[in-house]
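Counting in this note's numbering, the sequence shown runs from 1 upward without gaps.
Even glycine gets a Cβ: it sits at the ideal position worked out from N, Cα and C.
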Amino acid sequence: QETRPQTLGVAMADSPVGAAGWILEKFGKWADLPTTADGAPDIWSKFSEEELLTNIMLYIAPASFVTATWIYYGSRIEESLMLPAGTRIQVPTGVAAFPDPVFLPPPRSFAEKTYNIVHWTDMPRGGHFAALEEPELMLADLRTFIATVSGARS
């Protein structure tokens, strides 16, 4: 995905069933899911068929699988995630630190070196697809952050 996005994209565009399998595997591995009796992730405990099919079709129907992978390659070759040493982002920043098995949230002390953290929540559950997995938790946290930066009382 990061090193050869065109290869992945073309393969996924050529095979809608392959694309569906690839996407479902990511949901199974990256979401915060219970396991079934045989140890497999219980994807249906968290996501409906409609939610998963909608996600899959967002890539298949517009034939966007190839271009959707470019961001990973671009961020790697441009090192866009790296800020110059000593750079500090002054914009008030909120973090909802979901236990994502793919991209672990940084320690708060590390994030505070670069960002103006005004709100931080260590979420009790949720994975890589936090907005789909735990929409109520995310919404409540977003509302709290907005109240914090707007000066309103929650």
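query	result
Within its chain, find whatever has a CB closer than 6 Å to the CB of Pro-108; leave out the 5 residues flanking it on each side and keep chain order.	Here residue 108 turns out to be Arg, not Pro, going by the sequence shown. Cβ neighbours of Arg-108 beyond the five flanking positions: Trp-120.
Return helix, strand or coil for Ala-97, following the three-state DSSP convention.	strand
Starting from the C-beta of Gly-18, find all residues in its chain whose C-beta is less than 8 Å away, skip the five residues before and the five after it, and write them out in chain order.	Ala-11, Met-12
Can you tell me which of the three DSSP states Thr-36 falls into?	coil
Rounded to a whole number of angstroms, what is the C-alpha to C-alpha distance between Ser-154 and Gln-6?	For Ser-154, the pLDDT reaches just 48, beneath the cut-off of 50, and the residue's location in the model is therefore unreliable, leaving the point undetermined.
What is the rounded straight-line gap between the Cα of Phe-110 and the Cα of Val-149?	21 Å
Which ranges would you report for the alpha helix (DSSP H) in the segment 87-133 if only whole runs of at least 4 residues count?	108-111, 130-133
What's the gap between the Cα of Tyr-73 and the Cα of Asp-141?	31 Å
How is Pro-84 classed by DSSP in three states: helix, strand or coil?	coil
Would you mind sorting Glu-134 into buried or exposed? The rule is 16 or more other CB atoms within 10 Å of its CB.	buried
Look up Pro-41 in the DSSP assignment and give the residues it is bridged to.	Thr-35
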